[in-house]
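>
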Amino acid sequence: MSVTLDGEPVSMYSDPELALTTGWLKVGKYLYYGSLTETYISRIGLIKSSAESQE
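In case it helps, numbering that gives the first Met the number 0 puts the sequence shown at residues 0 to 54.
1. Which residues bound the beta strand (DSSP E) around glycine 6?
2. In whole angstroms, give me the CA-to-CA distance for isoleucine 43 and proline 8.
3. Hey, could you find the ends of the beta strand (DSSP E) leucine 19 is sitting in?
4. On a CA-only basis, which of Val2, Ala18, Ile46 is nearest leucine 61? Give me that one, please.
5. CB-CB under 8 Å to threonine 3, same chain, minus the five flanking residues each way: which ones, in chain order?
Shown next, in the form of structure tokens:
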């Protein structure tokens, strides 16, 4: 979840399989996150491709 300096919610990303994530960092068009169960950092694209957006 990201919030404004006043604490108002701006966006929230959730997935039941990401329950053990420990931290998130949005960089450009990607969201990077760490996990308690994995030894690597994962990345999620935040922009849908043109094919996905037409569904």
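The C-beta atom is built at its ideal place from N, Cα and C for all residues, glycine as well.
The relevant details are as follows:
1. Numbered from its first residue, the sequence shown carries residue 6 at position 7. For glycine 6, there is no enclosing beta strand (DSSP E), as DSSP marks it with neither H nor E.
2. Within the sequence shown, numbered from 1, the residue matching residue 43 stands at position 44. Within the sequence shown, numbered from 1, the residue matching residue 8 stands at position 9. Rounded to the nearest angstrom, the two C-alpha atoms are 20 Å apart.
3. The sequence position of residue 19 within the sequence shown is 20, counting from 1. Where leucine 19 is concerned, there is no enclosing beta strand (DSSP E), given that its DSSP letter is neither H nor E.
4. Any answer about residue 61 is impossible in this case: the structure gives the chain only from 0 up to 54.
5. Against the sequence shown, residue 3 aligns to sequence position 4. If we look at threonine 3 and ignore the five residues flanking it on each side, its Cβ neighbours are Val9.
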